[in-house]
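K.L.:
Questions regarding the structure given below will be posed in turn.
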Amino acid sequence: MKRCPELKYLDMRSIKHQIFYFPEAKARLDSLCELKCDTSIDSSYFYGLSSLCQYIQSLIIINTDPKPNHGIVKFIEVQNNLKHFEWKDYFDDDILTEDPYEEVFCALEKKADSLNYLRIYFQYVDNIEETSLQKILPKLYKLKILTLNDYRLFTNEQLEQLRIQVYHDLEILSLEWNSFSVIPSMIENSGRCIKKILFKPENAIEYECNNFNEDSLNFIRKIYENCPSIEYLTITFPPSEEHFAEFEKLLKICQNIKSLLIIIYNVDKIETSEKILENGKILLEILVRSAPTNLKEIRFYEDFKFSLENLEDFLEKWRGRPAISILTSDPIYERENYEKLINKYQEYGVIKIFKHSLFVDEIDYHFMYI
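Structure follows, in structure tokens:
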């Protein structure tokens, strides 16, 4: 402690000593800005720190022991400038006897005037119906970054409140489960500062299968009407002429786009092999015509395919632009003729990275690290 004149970052997970009793602890811990801990740490540690550390800006909590920890609640309550909060469930229990969330999120609600970064990762358990986050989320009006792994447990009333919530400063919206009935409203109510909209597209299709065609069209329009600064975007839509036209309009308006995760999916019928190739051809033609010069990465699954001829035509026309990275889960690109073509254009400097993985999670954006 004496060798650290100003302690800025502390990971408490491996510390067993009650460091707040050390000589000069107050002078050293008073400057602490970021704390990482887990819920297995005894409450007494947090009570001790609460008297010394009241200007933490970043608090990261790993929920390894899913029981109420009143010390953590007290520690949150005494903070005067908490800006960054992360909570990640990481436990083995299938059934919880007590709710570990309610008191923590009630304390967090009182930090709405300073909190601008919220990242939550819940594990699903059968006997706990988590509602405390849903209740406070609309009140955290200063959020710039919002990352949630799931909001399927929101009631209709809570979702409606989220739709009308205004996040003027929101820059990153990252949701593993996306409802097109909610996200467009959040986008419309933002302050036109959003740079990243990320979600798992297959989840959105499952969630919105009844109104997917109409809702996905509305989603595209809300993006180009309200997100002039968008850089990273997950987008999914059916292969209709109108959807392709609106997607191209989005590319022309949103000139800062750097990366796209694109899913083209027909919920009304199963596409033929010929139609899947045709969809891929149309997409490549749109990208050549209208993709912004900042676009450097494309991610996709197996829902559309590029014929060898169409892919080569696209890559040839991409010459002179910044090298493109392509990530896909489609095994067709492991075939010898595709590998030969890809290697050739990597040597030409047209392709920066070409990655194939059978695991869709490796193609998706990594939500906990955005």
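The sequence shown stops at residue 483 when you use the working numbering, and every number in between is there. Backbone N, C-alpha and C fix where the C-beta goes; we use that ideal spot for every residue, glycine too.
#1: Of the choices Lys313, Asp477, Cys340, whose alpha-carbon is the least far from that of Ser298?
#2: Would you say Glu211 reaches chain D, if we count a Cβ-Cβ gap shorter than 7 Å as a contact?
#3: In whole angstroms, give me the CA-to-CA distance for Leu162 and Phe133.
#4: Checking the sheet assignment: what are the DSSP bridge partners for His197?
#5: Among Thr177, Leu364, Leu424, which has the Cα closest to the Cα of Glu391?
#6: Taking 8 Å as the limit between beta carbons, can you name the residues of its chain near Asp202, skipping five residues before and five after?
#7: Looking only at its chain, what residues have a beta carbon closer than 7 Å to the beta carbon of Lys187, apart from the 5 residues adjacent to it on each side?
#8: Does the beta-carbon distance from Pro435 to Lys409 come in below 7 Å?
#9: Hey, which unbroken runs of the beta strand (DSSP E) at 3 residues or more fall wholly within the segment 348-415?
#10: Answer with buried or exposed for Glu119, where buried requires no fewer than 16 other C-beta atoms within 10 angstroms of its C-beta.
#11: Count the other C-beta atoms from every protein chain shown that fall within 10 angstroms of the C-beta of Phe135, then say buried if there are 16 or more, exposed otherwise.
#12: Closest to Asp416 by CA distance: which of Arg305, Leu400, Glu422, Thr385 is it?
#13: What do you get for Ala225, buried or exposed, if any count of 16 or more other CB atoms within 10 angstroms of its CB means buried?
#14: Going by C-alpha distance, which of Phe325, Ile370, Glu327, Pro314 is nearest Tyr337?
#15: For Asp151, which residues in the same chain have their Cβ closer than 6 Å to its Cβ, ignoring the five residues on either side in sequence?
#16: Mapping DSSP to helix, strand and coil, what is Phe472?
#17: Taking the CB atoms as reference points, tell me whether Leu261 and Leu221 lie closer together than 7 Å.
#18: So what's Tyr482 in DSSP terms, helix, strand or just coil?
#19: So is Glu355 buried or exposed if we call it buried at 16+ other beta carbons inside 10 Å?
#20: Nearest to Pro351 by CA position, among Glu327, Glu344, Cys367, is which residue?
#21: For His130, I'd like the list of residues in its chain whose CB is within less than 8 Å of its CB, leaving aside the five on either flank, ordered along the chain.
#22: Could you tell me if Ser470 is buried or exposed, where buried requires 16 or more neighbouring beta carbons within 10 angstroms of its beta carbon?
#23: In the DSSP assignment, the beta strand (DSSP E) including Ile258 goes from what residue to what residue?
#24: Measure how close the beta-carbons of Leu400 and Phe419 come, nearest whole angstrom, since I'm counting them as under 8 Å.
#25: Is it true that the CB of Leu421 sits closer than 7 Å to the CB of Asn450?
#26: Pull up the distance between the alpha-carbon of Pro314 and that of Asp443, whole angstroms please.
#27: Excluding the 5 residues flanking Phe413 on each side, which residues of the same chain have their C-beta closer than 6 Å to its C-beta?
#28: Near Asn193, what residues of its chain come up, given a Cβ to Cβ distance below 7 Å and the 5 sequence neighbours on each side ignored?
#29: Rounding to the nearest angstrom, what Cα-Cα distance links Asn324 and Pro405 in this structure?
#30: According to DSSP, simplified to helix, strand and coil, what is Lys313?
#31: Going by C-alpha distance, which of Tyr122, Glu137, Ile154, Leu195 is nearest Ile128?
P.N.:
On the basis of the data shown:
#1: For this step, residue 298 is matched to residue 185 along the sequence shown. Of the listed residues, the one whose Cα sits closest to Ser298 is Cys340.
#2: Annotation note: the requested chain D is absent from the structure, which comprises a single protein chain.
#3: Stepping through the sequence shown from its first residue, residue 162 is reached at position 49. Stepping through the sequence shown from its first residue, residue 133 is reached at position 20. Leu162 and Phe133: Cα-Cα distance of roughly 6 Å.
#4: As a position in the sequence shown, residue 197 is number 84, starting the count at 1. According to DSSP, His197 bridges with Ser171, Tyr230.
#5: On the sequence shown, residue 391 is found 278 positions in, with the first residue counted as 1. The shortest Cα separation from Glu391 among Thr177, Leu364, Leu424 belongs to Leu424.
#6: Your numbering for residue 202 matches position 89 in the sequence shown. The beta carbon of Asp202 sits closer than 8 Å to the beta carbons of Asn176, Pro179, Tyr234, Phe235, Gln236 from its chain, once the five residues preceding and following it are set aside; these are given in chain order.
#7: For this step, residue 187 is matched to residue 74 along the sequence shown. Around Lys187: Phe159, Tyr160, Ser163.
#8: On the sequence shown, residue 435 is found 322 positions in, with the first residue counted as 1. On the sequence shown, residue 409 is found 296 positions in, with the first residue counted as 1. For Pro435 and Lys409, yes; Cβs fall inside 7 Å.
#9: DSSP runs (the beta strand (DSSP E)) wholly in the segment 348-415: 372-377, 410-413.
#10: Numbered from its first residue, the sequence shown carries residue 119 at position 6. Label assigned to Glu119: exposed.
#11: In the sequence shown, residue 135 corresponds to position 22, counting from 1. Exposed, because fewer than 16 other Cβ atoms sit within 10 Å of the Cβ of Phe135.
#12: In the sequence shown, counting from the first residue as 1, residue 416 sits at position 303. With respect to the C-alpha of Asp416, the residue from Arg305, Leu400, Glu422, Thr385 having the closest C-alpha is Thr385.
#13: Looking up residue 225 in the sequence shown gives position 112. Exposed: under 16 other Cβ atoms inside 10 Å.
#14: Mapped onto the sequence shown, residue 337 falls at position 224. Cα-wise, what sits closest to Tyr337 is Ile370.
#15: Locating residue 151 in the sequence shown gives position 38, counting from the first residue. Excluding sequence neighbours, Asp151 sits near Arg126, Ile175, Thr177.
#16: Locating residue 472 in the sequence shown gives position 359, where the first residue counts as 1. DSSP places Phe472 in coil when its eight states are reduced to three.
#17: Looking up residue 261 in the sequence shown gives position 148. Looking up residue 221 in the sequence shown gives position 108. Not closer than 7 Å, so no.
#18: Looking up residue 482 in the sequence shown gives position 369. Bear in mind that a pLDDT of 44 at Tyr482, under 50, signals an unreliable position, so the number given afterwards is only what the model happens to contain. Secondary structure at Tyr482: helix, using DSSP grouped into helix, strand and coil.
#19: Locating residue 355 in the sequence shown gives position 242, where the first residue counts as 1. Its Cβ having fewer than 16 others within 10 Å, Glu355 is exposed.
#20: Working through the sequence shown from its first residue, we reach residue 351 at position 238. Comparing C-alpha distances from Pro351 to each of Glu327, Glu344, Cys367 shows the shortest one belongs to Glu327.
#21: One-based indexing of the sequence shown puts residue 130 at position 17. Excluding residues up to 5 positions away in sequence, nothing lies with its Cβ nearer than 8 Å to the Cβ of His130 in the same chain.
#22: Numbered from 1 along the sequence shown, position 357 holds the residue referred to as residue 470. Burial state of Ser470 is exposed, judged by a 10 Å Cβ sphere holding fewer than 16 other Cβ atoms.
#23: Here residue 258 refers to the residue found at position 145 when the sequence shown is read from its first residue. In this chain, the beta strand (DSSP E) harbouring Ile258 covers 258-261.
#24: For the purposes of this step, residue 400 is taken as the residue at position 287 of the sequence shown. For the purposes of this step, residue 419 is taken as the residue at position 306 of the sequence shown. At roughly 11 Å, the Cβ-Cβ gap does not stay under 8 Å, so Leu400 and Phe419 are not in contact.
#25: Position 337 of the sequence shown, counted from the first residue, corresponds to residue 450. Position 308 of the sequence shown, counted from the first residue, corresponds to residue 421. Yes, the pair counts as a contact, with Cβ atoms nearer than the cut-off.
#26: Within the sequence shown, residue 314 is the residue found at index 201, counting from 1. Within the sequence shown, residue 443 is the residue found at index 330, counting from 1. Pro314 and Asp443 have their C-alpha atoms roughly 16 Å apart.
#27: For the purposes of this step, residue 413 is identified with residue 300 of the sequence shown, where counting begins at 1. If we look at Phe413 and ignore the five residues flanking it on each side, its Cβ neighbours are Ile375, Thr441.
#28: Within the sequence shown, the letter at position 80 stands for residue 193. Excluding five sequence positions before and after Asn193, the CB atoms of its chain that fall closer than 7 Å to its own CB belong to Gln167, Tyr168, given in chain order.
#29: One-based indexing of the sequence shown puts residue 324 at position 211. One-based indexing of the sequence shown puts residue 405 at position 292. Distance between the alpha carbons of Asn324 and Pro405: 30 Å.
#30: Locating residue 313 in the sequence shown gives position 200, where the first residue counts as 1. Three-state DSSP puts Lys313 in coil, outside helix and strand.
#31: Residue 128 sits at position 15 when you count from the first residue of the sequence shown. Among Tyr122, Glu137, Ile154, Leu195, the Cα nearest to that of Ile128 is on Ile154.
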